[in-house]
Structures are given as C-alpha cells and as structure tokens.
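> Pasting a structure below so you can have a look.
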Amino acid sequence: MPATGSSQRSEEAAAPAAAPLAEEHAARHARAARRGLATILGDRGVPGRQRPLLTRLIAVALLVQVVPGLVSGPNLLTLNLACVYAMAAIGLSIVFSLGGFVSVAQAAVMAVGGYILILLFGPTVGFPVALLLAGLGGALVSALTGIVGARVKSHYFILISLALAETIQLVITNATSVTGGANGVGLKAPASVLGLDLGLPTDYFRFITILTFVVIYLADSLRASRAGLALRAQTVDGYLALAAGVAIGRYRIMATAIGGVFAGLAGGMVAIRDGYLGPQNFGLDTSILLLLMVVIAGTGRAGSVVVSALILTFLSQGLLTLTSTGTLIYGMGLIVLIIFAPEGLGGLPRLARGALGRLGARRAGTASDDGGER
Amino acid sequence: MSAGEIGLELRDVSVQFGGIHAVQGVDFSVAPSRVHGLVGPNGSGKTTILNAICGFVGSDGEIEVGGARIDGMGSYGRMRRGLGRTFQNPRPARELTVRDLLRIGEHDRKAQPWWQVALTPRAADRALRESNERASRLLAMVDIGPGLLEQQLVNLPAGVLKMVDIARALMGAPRVLLLDEPTSGMNDVEIDLLHAALRELSGDSLTILLVEHNLRFMFDICDSMTVLATGRVVGHGTPTEVFQREEVIHAYMGSSTASVHESRPHPVEPSAG
C-alpha cells in the first residue's frame, strides 16, 4: 500500500488539533446549559443552528427606537437607501454563494419589483399587497435566469444576466405608455403600513429596518437549512451534491427565486423612498455596486452583507458630491480593501485573529530565544 | 431469481465517450448482504461503471436496485431509490463542517424544507438533534468521536475525510453502497476499522459494490468479484478464484503506481486502447 506512509503522518499531525476542539466544544455546551439566559433567548444548545430569534427582535426594537433620534436629514435618507441595498445584496448573495451564479441582473430584478409596486399601488391595491406582488415579480424574473443558468457554465451566466438586465432596461425605457419611459413614473398615493407613514424618513427607517431583519432572518434560515448546506456543497462539487441525492438544478433555481424575492421587495421600497421611479435607478452601476457589496462581505452571511452595504452606500453617496475625485477615491478604496481583506469583511475577524496569534507567537518565540540562548 | 434477492443488478450496461467504448456489455448482480468487488487495470472502466450506476454519465442497458429499474432516472432519483456513493477524492466546500456534510447526506430520508428553519425553529431543532445523533452513531462505527463534528472539512487528514465521506453516504440509509477506492489515503488502523464497519453494514442487508486497488483488502472483504479489462467483463468468481488468474495478477503488478489517475467522474476517463 503506497499511500499508507503519508496518511499516517497527516493523521498524527491532525489528531492533537481535533482533540482540544472536541473538549472546547463540550465545555462550551456545558456552559450554555448552565446559563439560564440561554434558554430564554432560545439557544437550546443544538449545535449548528442559527442565532435565536429573540435576540434579533430585541436588536430591531432598539434600532427602531434609537436610530431615528440620532440620525436625521440626508444621512437618514442614505441610511434608508443602504437598508434597501442591503436587502437586494442579501438576495444577490444567495444567488451568488448558494446558487453559484455571478449575476449582474440584480438591479434589473429590483426594477421589476419597483415598477410592479409603483404601477399597482393606489386606491384599489393596498401597500402590503403591492409589496408582496413586487417580491413575487422579482422572484419570477430571477428564477427565469436560474432556469437558463442551471444549464450553462458560470461565466456564461454573467452574459445571460447582462442580457436580461439590458432587456428590462429597454422595456422600461420604451414602454412609455406604461412606465413613463425615460421620464419615469410617480407614486400615485402616499404609503402607510402598521401605523407608519412611509413618506416620513423616520417612519420609513422603522419599516425598512423591520423588513431588512425579516430578510436577514430568512436568508440565515436558508443558509442553516439542509437545502442551504446542499447548495453550499454544490457550488464546490456538483457530484458530491448529486451523490447526496440533491436535485441540484431545482435547488439552484430555488436560490435564484429567493434572491429575486428580496430584490423585488427592495425595488418596491426604492419606489416608496423616492416617490418616483426612472430607468436610471436600476442601471448596471447599481448591479455592480450590489455585487461589490456581496464580494466585500465575503462569507455570504447576511449580517456581513448588511455591514458592507452600509459602508458602500455611504461611500458611494458621500463621494458622489466630490465628483471625479470621489470616484477615484472610491475605486482605490475598493482595491485596497480587496488587497488587505481578500476574504471580505466576513474574513476580517479570522485575519485579525491570525495576526494577533502570530504576534503572540513571535513575542513568545523571542522571549524563549532570549532565555534559552543568551 | 425473485426481485427480493437482488440488491444491485446490471444487464448489458455500456458507456460511450464520443465513439470510444469505455464500458461494453457489462453484466453482474449482487445479492443483499454481499460485498462485490470490481477489479481490473486502470482504464478498464471500474469507476465509469460506478458513474453509470449513479447516472453521472449516460449509459445503455438496464440497472436495477432492489428489483426496480433505475436507468433512465436522473442522479437525484437514483439516490432516492436507495443508492449511496462515495468518492476517491472527496472535494468538500471549504467552510463546511463534518456535521454539515453529514446533514447534506441525509437528503430526503428526512425532508426538511428550508422555511421550517425560519417558521418552526423548535421542529427544526428537533430534526437537527436527530440528525446529530445519527451522525454521531455513524461516526462512532468507524471510531470517530462526536467532537469531530465541529471540525471543518479542510482540516481533516485524507483518511478521516474518506471515513466521513462514507458516513455521509450512509446518512441517506442506502440499500446499495458504491465505494470508490475507499482505502486510498487511509492508514492500516483505519483500513481495519473500515473493514469491520463494512462487514457490520453488509450484515445489515446492505449491498456493497467496491472499486479498490488494495488487493489484500479486496481479498479479505469481497464475497465475489468481477474482473474487467478494457471495459469488458473477463470473468466472475470468488476472490480465491479470481486471484489465481494470470491476467489479474499481471494487470495489478503493472499498474499499482498509476492508481491515482483513475479517480473522479469525468467525461474523459482514460480509456485503455
């Protein structure tokens, strides 16, 4: 057996690493079991499950209460936009990291949701119904890319999504009687829901925060589910997923549909925020911005996508006022970020831990050298 | 024979890659609780036969699992019919843990729609706990402690990863298990563990089809064997009968170092000329 020698070595190397990990795991669960608070917060000590719902609810309640008092004016408007983008970017991260598709059509999917809402919402169709239909429309269009995309290789998918994005732009620009063409279309009635007047930036923030948290929760649930795990497995090895009895094609289409729901909702919320929609809201630059948010977030966890959405929205909006210099700074900032955090924001904690570990090791190493040799 | 006595049966199975016959007219059947080995030199079509059974490559001929035809189905449907399959070189996603991989392997044995995780966390927790217990039991069979469940797959040594991949295939509670070079990358202790585990499983009426270059392991564990050369069956028999054949000994002596090249399902498997 030629392989025996080498495997023996690697076995010895990994065994000590595995053992403390097991102990640490056991200890963590013993601690969690002792903590009374854990049961209240919903952590019943099942390894592999997502963050408990109650902590999320508390976080939403705090944000909704505190932030509108602290932030106001243009900053609040930008914050609202960041939440919209975060929703769309979380959808895109599902398409990207679970479906395995690189899509530049996410802004176009938002456009579908946005126009559905702005055209339907009025005296006859209520806001919640119109918003749900916006999500549904986004799902249908996005699933369409998935159905085509499941048959082609990943890099061809970019072209397909580009074609879809351009088609939707052309339809919006040229179907003047319905969409208002390049002039755009205005909201027919003021929107309010749950006693919140969405025309007010503060109330809009409260609603979009709740919506964003629902999206985060659903996205994290999807990632933690067996379907989500299977999707993550198939992006690396399709055969492995097939051997595990996963209907890969169907699951990938499902991922694009779910990503589309979130984009459709986000598009609808753009319409509410601006009270007006035009084709320029959903150009290719918006798609690229969303893709950047996903890439910079790195891990695909919804939380890190929100962080990168906040950073990139404020950067892009703030630097817009500086015109060409601003774009230059923006571009260089992105390059610097990608060089120093290649795994994205989600990889930063690990990078930091690694750097601290190396620093600690070096200090310990020099100390022992000093003691031992001199 | 009645349908109940057959675990896996292939009748006149052929695979073509663009005019090249990788596998031609292969017949064999394996009863439940039996371990059947495929032997032959590299390029004789052993892995291609596994891929044909799984539906990873298109094939002609009839394939039955437990008396029901599965040819014509997609891979997904075949796995649901009770197939399990391991890989010579499992390539798992970077950040997945052992637990994640085993949960994926559970597939529709315990169907859990993703929204269950969102809407009924308690039910999802229960399913997760059951899945964890099952995973721990399967890993214990190959002497791997539950602490390993939290390990990321990239950190596992090759032999342990192979064991975990076998456990992954077993999570789906298959009736027929296809093993592709299970001992490659394993040390002697692990090979002994695998041997014991496979014996226990086949005693539990699991049908096992084995492709393997470790001849001692094959000799010890197989109840019967099919000898292949250039995609055709050259003979069937018990291990003792097969290993007395001149061409088998010759084929293995000549190809033992090249064993790593025949591995994963791939449309351009080297075909012996």
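So the protein sequences, as listed, match chains Y and A. Going by my numbering, the first residue of the first sequence is number 13, and it counts up by one from there. Going by my numbering, the first residue of the second sequence is number 96, and it counts up by one from there. Beta carbons are placed, not taken as given, at the ideal position from N, Cα and C, and that holds for glycine. All values derive from a computational prediction rather than experimental measurement.
1. Would you say V248(Y) faces chain A, with C-beta separation under 8 Å as the test?
2. Does the Cβ-Cβ distance between A239(Y) and I102(Y) come in under 8 Å?
3. Within the continuous alpha helix (DSSP H) that includes F139(Y), where are the two ends?
4. Taking only beta-carbon positions, decide if G240(Y) is within less than 8 Å of chain A.
5. Return yes when the Cβ of L296(Y) is within less than 8 Å of the Cβ of S412(Y), no when it is not.
6. Can you give the beta carbon distance from L182(Y) to A283(Y), rounded, assuming they're within the 8 Å contact cut?
7. Could you tell me the alpha carbon to alpha carbon distance between G149(Y) and V226(Y), rounded to whole angstroms?
8. Please check the pair F314(A) and H290(A), which I expect to be a contact at CB under 8 Å, by giving their CB distance rounded to whole angstroms.
9. Determine the direct distance from the alpha carbon of M305(Y) to that of G290(Y), and round the result to whole angstroms.
10. At a Cβ cut of 9 Å, what residues of the region 92-105 of chain Y count as close to chain A, listed as they run along the chain?
11. Put L191(A) into one of helix, strand or coil per three-state DSSP.
12. How is G176(A) classed by DSSP in three states: helix, strand or coil?
13. Three or more C-beta pairs closer than 8 Å, one from the region 316-334 of chain A and one from the region 127-146 of chain A: is that the case here?
14. Of all the residues that make up the region 158-173 of chain Y, which are near chain A by a beta-carbon distance shorter than 8 Å?
15. Take the Cβ of D209(Y) as the centre, count every other Cβ of all protein chains shown within 10 Å, and call the residue buried at 16 or more, exposed below.
16. Within the continuous alpha helix (DSSP H) that includes R244(Y), where are the two ends?
17. Of the residues H131(A), P185(A) and D299(A), which one's Cα is nearest the Cα of P252(A)?
18. When Cβ atoms are compared, which residues of the region 246-275 of chain Y fall closer than 9 Å to chain A?
19. Would you grab the beta carbon distance between L274(A) and V306(A) for me? Rounded to a whole angstrom, and I think it's under 8 Å.
20. Since I believe G280(Y) is in contact with G125(Y) (beta carbons under 8 Å), could you give me their beta-carbon distance rounded to a whole number of angstroms?
21. In the structure shown, what three-state DSSP assignment does T325(A) receive?
22. Among R229(A), L256(A), A163(A) and F151(A), which has the Cα closest to the Cα of G267(A)?
23. Near A100(Y), what residues of its chain come up, given a Cβ to Cβ distance below 7 Å and the 5 sequence neighbours on each side ignored?
24. Report the neighbours of R263(A) on chain Y: residues whose CB is nearer than 9 Å to its CB, in chain order.
25. Using a Cβ cut-off of 8 Å (strictly closer), state whether L156(Y) contacts chain A.
26. When you compare only the Cα positions, how much space is there between R163(Y) and T247(Y)?
27. Would you call the region 182-201 of chain A and the region 246-265 of chain Y touching, i.e. three or more CB-CB distances under 8 Å?
28. Any beta carbon from chain Y within less than 8 Å of M174(A)'s own beta carbon?
29. On a Cα-Cα basis, can you pick out the residue from V193(A), M281(A) and L293(A) that is closest to N250(A)?
30. Excluding sequence positions up to five away, which residues of its chain have a Cβ less than 7 Å from the Cβ of L91(Y)?
31. Could you tell me whether any Cβ in chain A is nearer than 8 Å to the Cβ of G369(Y)?
32. Is S297(A) buried or exposed, if buried means 16 or more other CB atoms sit within 10 Å of its CB?
33. Mark F352(Y) as exposed unless 16 or more other C-beta atoms lie within 10 angstroms of its C-beta, in which case mark it buried.
34. Is the Cβ of V212(A) closer than 8 Å to any Cβ of chain Y?
35. Per the contact definition of three or more C-beta pairs closer than 8 Å, is the region 168-180 of chain A in contact with the region 107-121 of chain A?
36. Please confirm if G330(A) has its CB atom under 8 Å from at least one CB of chain Y.
So, to answer that:
1. Mapped onto the first sequence, residue 248(Y) falls at position 236. Yes, V248(Y) lies at the interface with chain A (some Cβ there is under 8 Å from its Cβ).
2. As a position in the first sequence, residue 239(Y) is number 227, starting the count at 1. As a position in the first sequence, residue 102(Y) is number 90, starting the count at 1. Cβ atoms of A239(Y) and I102(Y): not closer than 8 Å.
3. Here residue 139(Y) refers to the residue found at position 127 of the first sequence. Where F139(Y) is concerned, the enclosing alpha helix (DSSP H) stretches over F139 to G161.
4. For the purposes of this step, residue 240(Y) is taken as residue 228 along the first sequence, with counting starting at 1. It does: the Cβ of G240(Y) has a partner Cβ on chain A nearer than 8 Å.
5. The structure shown does not extend to residue 412(Y), since chain Y is modelled only from 13 through 386, so no value can be given for it.
6. As a working mapping, residue 182(Y) is identified with position 170 in the first sequence. As a working mapping, residue 283(Y) is identified with position 271 in the first sequence. Under the criterion of beta carbons closer than 8 Å, L182(Y) and A283(Y) do not qualify as touching, at roughly 20 Å.
7. Translated into the one-based positions of the first sequence, residue 149(Y) becomes position 137. Translated into the one-based positions of the first sequence, residue 226(Y) becomes position 214. CA-CA distance, G149(Y) to V226(Y), rounds to 19 Å.
8. Taking the second sequence and counting its residues from 1, the one referred to as residue 314(A) is at position 219. Taking the second sequence and counting its residues from 1, the one referred to as residue 290(A) is at position 195. A Cβ-Cβ distance of about 11 Å is found for the pair F314(A) and H290(A), leaving them out of contact under the 8 Å criterion.
9. Looking up residue 290(Y) in the first sequence gives position 278. Looking up residue 305(Y) in the first sequence gives position 293. C-alpha separation (whole angstroms): 23 Å.
10. Flagged: no residues at all.
11. Residue 191(A) sits at position 96 when you count from the first residue of the second sequence. L191(A): coil per DSSP, three-state reduction.
12. Taking the first residue of the second sequence as 1, we reach residue 176(A) at position 81. In the sequence under discussion, the amino acid at residue 176(A) is Arg, which differs from the Gly named in the question. Coil at R176(A), not helix or strand.
13. With the cut-off at 8 Å, the region 316-334 of chain A and the region 127-146 of chain A touch.
14. Listed by position, the residues of the region 158-173 of chain Y near chain A (Cβ gap below 8 Å) amount to none.
15. In the first sequence, the residue the question calls residue 209(Y) occupies position 197. Flag for D209(Y) reads exposed.
16. Position 232 of the first sequence, counting from 1, holds the residue named residue 244(Y). Run containing R244(Y): R238 to V248, per the alpha helix (DSSP H) assignment.
17. The residue given as residue 252(A) occupies position 157 in the second sequence. Considering only alpha carbons, the answer is P185(A).
18. For the region 246-275 of chain Y, which is checked against every Cβ of chain A, the residues closer than 9 Å are Q246, T247, V248, D249, Y251, L252, A253, L254, A255, A256, G257, V258, A259, I260, G261, R262, M266 and I270.
19. Within the second sequence, the letter at position 179 stands for residue 274(A). Within the second sequence, the letter at position 211 stands for residue 306(A). By a beta-carbon distance limit of 8 Å, L274(A) contacts V306(A). Their separation comes to about 7 Å.
20. As a working note, residue 125(Y) is residue 113 in the first sequence. As a working note, residue 280(Y) is residue 268 in the first sequence. Right, their Cβ atoms sit about 5 Å apart.
21. The residue you call residue 325(A) lines up with position 230 of the second sequence. T325(A): coil per DSSP, three-state reduction.
22. Your numbering for residue 267(A) matches position 172 in the second sequence. Just measuring C-alpha positions, the residue of R229(A), L256(A), A163(A) and F151(A) sitting nearest G267(A) is R229(A).
23. Position 88 of the first sequence, counted from the first residue, corresponds to residue 100(Y). Here A100(Y) has Q118, M122, F274, A275, A278 and L302 as same chain residues with Cβ atoms under 7 Å from its own Cβ, once five neighbours each way along the sequence are excluded.
24. Counted from its first residue, the second sequence places residue 263(A) at position 168. L252, A255 and A256, listed in chain order.
25. The residue you call residue 156(Y) lines up with position 144 of the first sequence. It does not: the Cβ of L156(Y) has no partner Cβ on chain A nearer than 8 Å.
26. Along the first sequence, read from residue 1 onward, the residue named residue 163(Y) stands at position 151. Along the first sequence, read from residue 1 onward, the residue named residue 247(Y) stands at position 235. In a straight line, the C-alpha of R163(Y) is about 14 Å away from that of T247(Y).
27. A contact exists between the region 182-201 of chain A and the region 246-265 of chain Y.
28. Indexing the second sequence from 1 puts residue 174(A) at position 79. For M174(A), the answer is yes, since a Cβ of chain Y falls inside 8 Å of its Cβ.
29. Position 155 of the second sequence, counting from 1, holds the residue named residue 250(A). The alpha carbon of N250(A) has as its nearest neighbour, out of V193(A), M281(A) and L293(A), the alpha carbon of V193(A).
30. By one-based count along the first sequence, residue 91(Y) stands at place 79. If we look at L91(Y) and ignore the five residues flanking it on each side, its Cβ neighbours are V83 and F217.
31. Position 357 of the first sequence, counting from 1, holds the residue named residue 369(Y). It does not: the Cβ of G369(Y) has no partner Cβ on chain A nearer than 8 Å.
32. Numbered from 1 along the second sequence, position 202 holds the residue referred to as residue 297(A). When all chains shown are included, S297(A) counts as buried.
33. On the first sequence, residue 352(Y) is found 340 positions in, with the first residue counted as 1. Its Cβ having fewer than 16 others within 10 Å, F352(Y) is exposed.
34. Your numbering for residue 212(A) matches position 117 in the second sequence. Chain Y contact via Cβ: present.
35. These segments do not touch.
36. Translated into the one-based positions of the second sequence, residue 330(A) becomes position 235. Cβ-Cβ to chain Y under 8 Å: no for G330(A).
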